[in-house]
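> Mind looking over this structure? Questions follow.
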Ligand code: TRP
């Protein structure tokens, strides 16, 4: 199949099927953890069968926080691509690519930046929260770049967490604004929320690499065991025998994802005090390691084939670029800025 056939879903035998498009984005934070896996990746892996998927590693977005320390970007991008593939993203179904390798993101960002006011951007909670630390022009424009990421592929759906809802609205507003100012080029994207389990970190805050409370996919079985050993539990349950409350215990929340019958075999004996935290964590260690085993095996295989991983990012770039060029041609036409084009 060539690219055009892929985009339209047309082939000799199959009828024309118009699949919708999904774009997702993640900053290159390096290797991923089980919060990323359960909160995003597993969902993407499911979605790739039903949609045209574009998975963008947003290195330009990462510059907003780390403009002066870019040395690790390449390695972080590589590690993230390894984890994507290990978790089951299929390069035949999903274009995994690096944002800065498709320059059209920057072009559309510039055009979109004219269609939105500074006060609108500065009111966004994501800006308000960090503006004391990050007050650059680029950081203020972060959501505009995100809107460009989304609209450049005419994505219908954007799988994000609730914290990103306003950014997808903004992309929707910008698509509308462009369409009404010039001519209809963009579809209006929407956020796609799915029921995703909350995976708390070892200190009971949200799991995040920057908090150092995470369980990396790349951790060994022994390392996983050690991280779970220091996990926060119900503080009222001090000794084995004390009754515990699984509803407030982060270890129990993780059990609910990795232990099939947690509600029957973990919660009741925890409440009565029959099951102590040490044994409870042992069961979770076993189940979590079993679930991660195939991903970890694939990870190790992929690490031995860096050329393959980079070739996946190259094929992803080609496919993304093909689509992005197409949309940008329409943008330039609509704006009457395609000066060299003969009618
Ligand atoms: N802002 C997103 C985050 O912090 C990352 C992102 C950038 C993104 N561009 C995107 C997410 C496009 C979805 C679609 O998580």
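Residue numbers (my numbering): 1 to 343. Each residue gets a CB set at the ideal place from its N, CA and C atoms; glycine is no exception. Quick caveat: nothing in here was measured; it's all calculated off a predicted structure.
Which word fits residue 305, buried or exposed, when buried means at least 16 other C-beta atoms lie within 10 angstroms of its C-beta?
Taking the first residue of the chain shown as position 1, residue 305 is located at position 305. It counts as exposed.
> Does the distance from the C-beta atom of residue 176 to that of residue 228 stay below 7 Å?
Against the chain shown, residue 176 aligns to sequence position 176. Against the chain shown, residue 228 aligns to sequence position 228. Not in contact: residue 176 and residue 228 (Cβ atoms no closer than 7 Å).
> Quick check on the DSSP output: the alpha helix (DSSP H) that includes residue 324 runs from which residue to which?
Counting from one through the chain shown, the residue named residue 324 turns up at place 324. Where residue 324 is concerned, the enclosing alpha helix (DSSP H) stretches over 306 to 334.
> Quick one: what does DSSP say residue 219 is sitting in, helix, strand or coil?
Taking the chain shown and counting its residues from 1, one reaches residue 219 at position 219. Coil, per DSSP.
> What are the complete alpha helix (DSSP H) segments, minimum 4 residues, inside the region 202 to 271?
Qualifying alpha helix (DSSP H) stretches, in chain order: 221 to 229, 250 to 258 and 262 to 265.
> Considering only DSSP beta bridges, list what residue 190 is partnered with.
Along the chain shown, one-based indexing puts residue 190 at 190. In DSSP, residue 190 forms a bridge with 157.
> Verify the contact flag: residue 214, CB atom, against every heavy atom of ligand 1, threshold strictly below 6 Å.
For the purposes of this step, residue 214 is taken as the residue at position 214 of the chain shown. Residue 214: no, Cβ never under 6 Å from ligand 1.
> May I have the straight-line CA-CA distance separating residue 74 from residue 311, to the nearest angstrom?
By one-based count along the chain shown, residue 74 stands at place 74. By one-based count along the chain shown, residue 311 stands at place 311. Going by the C-alpha atoms only, they are around 14 Å apart.
> Can you tell me the Cα-Cα spacing of residue 289 and residue 201, whole angstroms?
As a working mapping, residue 289 is identified with position 289 in the chain shown. As a working mapping, residue 201 is identified with position 201 in the chain shown. Straight-line Cα distance between these residues: approximately 17 Å.
> Please list the segments of the alpha helix (DSSP H) lying wholly inside the region 86 to 172, counting only runs of 4 or more residues, in order along the chain.
Runs of the alpha helix (DSSP H) inside the region 86 to 172: 104 to 113, 118 to 123, 125 to 130, 137 to 140 and 142 to 151.
> Grouping DSSP H, G and I as helix and E and B as strand, with all else coil, what is residue 337?
Numbered from 1 along the chain shown, position 337 holds the residue referred to as residue 337. If DSSP states are grouped into helix, strand and coil, residue 337 belongs with coil.
> Taking DSSP's pairing of strands, which residues face residue 44 in a bridge?
As a first step, residue 44 is located in the chain shown; it is residue number 44 there, counting from the start. DSSP, once it has assigned bridges, lists no residue as partnering residue 44.
> According to DSSP, is residue 303 helix, strand or coil?
As a working note, residue 303 is residue 303 in the chain shown. The answer is helix: DSSP assigns residue 303 an H, G or I state.
> Among residues of its own chain, excluding the 5 on either side of residue 119, which ones have a beta-carbon nearer than 6 Å to its beta-carbon?
For the purposes of this step, residue 119 is taken as residue 119 along the chain shown, with counting starting at 1. Within the same chain, residue 119 has no close Cβ partners at all.
> Excluding the 5 residues preceding and the 5 following residue 241 in the sequence, name in chain order all residues of the same chain whose CB lies nearer than 6 Å to its CB.
The count along the chain shown starts at 1 and reaches residue 241 at position 241. Closer than 6 Å at the Cβ level, and outside the excluded window around residue 241, lie 273.
> Taking the alpha-carbon of residue 194 as reference, which of 157, 98, 183 and 133 has the nearest alpha-carbon?
Taking the first residue of the chain shown as position 1, residue 194 is located at position 194. Per the Cα distances, 157.
> Quick one, are the C-beta atoms of residue 67 and residue 153 less than 7 Å apart?
As a position in the chain shown, residue 67 is number 67, starting the count at 1. As a position in the chain shown, residue 153 is number 153, starting the count at 1. Contact flag unset, no.
> Which residue from 89, 262 and 83 puts its Cα closest to that of residue 46?
In the chain shown, counting from the first residue as 1, residue 46 sits at position 46. Cα-wise, what sits closest to residue 46 is 89.
> Would the beta-carbon of residue 146 be found less than 6 Å away from any heavy atom of ligand 1?
Residue mapping note: residue 146 aligns to position 146 of the chain shown, counting from 1. Result yes, Cβ under 6 Å from ligand 1.
> Let me know if residue 49 comes out buried or exposed under the rule of 16 or more other beta-carbons within 10 Å of its beta-carbon.
The count along the chain shown starts at 1 and reaches residue 49 at position 49. Answer is exposed; the Cβ neighbour count stays below 16.
> Can you tell me where the beta strand (DSSP E) with residue 23 in it begins and where it stops?
Working through the chain shown from its first residue, we reach residue 23 at position 23. Run containing residue 23: 21 to 26, per the beta strand (DSSP E) assignment.
> Among residues of its own chain, excluding the 5 on either side of residue 284, which ones have a beta-carbon nearer than 7 Å to its beta-carbon?
Translated into positions along the chain shown, residue 284 becomes position 284. Excluding positions up to five away in sequence, the list reads 228, 251, 254, 255, 258 and 259.
> Flag this pair as yes or no: are the beta carbons of residue 141 and residue 113 separated by less than 7 Å?
Walking along the chain shown from the start, residue 141 turns up at place 141. Walking along the chain shown from the start, residue 113 turns up at place 113. Their beta carbons are under 7 Å apart, which means residue 141 touches residue 113 by this criterion.
> Any idea what DSSP makes of residue 80, helix, strand or coil?
Here residue 80 refers to the residue found at position 80 of the chain shown. DSSP places residue 80 in helix when its eight states are reduced to three.
> Check whether the Cβ of residue 196 lies closer than 6 Å to any heavy atom of ligand 1, and answer yes or no.
One-based indexing of the chain shown puts residue 196 at position 196. Answer for residue 196: no, Cβ out of range of ligand 1.
> Which whole-angstrom value describes the C-beta separation of residue 150 and residue 98, a residue pair presumed to lie in contact below a C-beta threshold of 8 Å?
Mapped onto the chain shown, residue 150 falls at position 150. Mapped onto the chain shown, residue 98 falls at position 98. About 16 Å; that fails the 8 Å criterion.
> Can you tell me the Cα-Cα spacing of residue 243 and residue 237, whole angstroms?
The residue labelled residue 243 in the question sits at position 243 within the chain shown. The residue labelled residue 237 in the question sits at position 237 within the chain shown. So the alpha carbons of these two residues sit roughly 6 Å apart.
> So the beta strand (DSSP E) residue 53 belongs to, where does it begin and stop?
By one-based count along the chain shown, residue 53 stands at place 53. Taken as a continuous stretch (DSSP letters only), the beta strand (DSSP E) holding residue 53 covers 52 to 57.
> Using the three-state DSSP reduction, which class does residue 294 fall into: helix, strand or coil?
Here the question's residue 294 lines up with position 294 in the chain shown. Residue 294: helix per DSSP, three-state reduction.
> I need the DSSP call for residue 1, collapsed to helix, strand or coil.
Taking the first residue of the chain shown as 1, we reach residue 1 at position 1. Reliability of the predicted coordinates at residue 1 is poor, the pLDDT of 44 falling under 50, and the value obtained from them is presented with this limitation in mind. Residue 1: coil per DSSP, three-state reduction.
> Among residues of its own chain, excluding the 5 on either side of residue 203, which ones have a beta-carbon nearer than 8 Å to its beta-carbon?
Taking the chain shown and counting its residues from 1, one reaches residue 203 at position 203. So the qualifying residues of the chain are 211, 213 and 232.
> Spatial neighbours of residue 181 within its chain, please: C-beta separation below 8 Å, excluding the five flanking residues on both sides.
Counted from its first residue, the chain shown places residue 181 at position 181. Taken in chain order, the residues that qualify are 115.
> Can you give the Cα-Cα distance for residue 36 and residue 76, rounded to whole angstroms?
Your numbering for residue 36 matches position 36 in the chain shown. Your numbering for residue 76 matches position 76 in the chain shown. About 15 Å.
> Are the region 163 to 174 and the region 120 to 129 touching, with three or more C-beta to C-beta distances below 8 Å?
Result yes; three or more Cβ-Cβ pairs closer than 8 Å.
> Rounded C-beta distance between residue 217 and residue 83? I'm assuming under 8 Å.
Here residue 217 refers to the residue found at position 217 when the chain shown is read from its first residue. Here residue 83 refers to the residue found at position 83 when the chain shown is read from its first residue. Indeed, because the Cβ distance is near 6 Å, the residues count as touching under 8 Å.
> Can residue 192 and residue 159 be called in contact, C-beta distance under 7 Å?
Sequence index remark: in the chain shown, residue 192 carries index 192 (1-based). Sequence index remark: in the chain shown, residue 159 carries index 159 (1-based). Yes.
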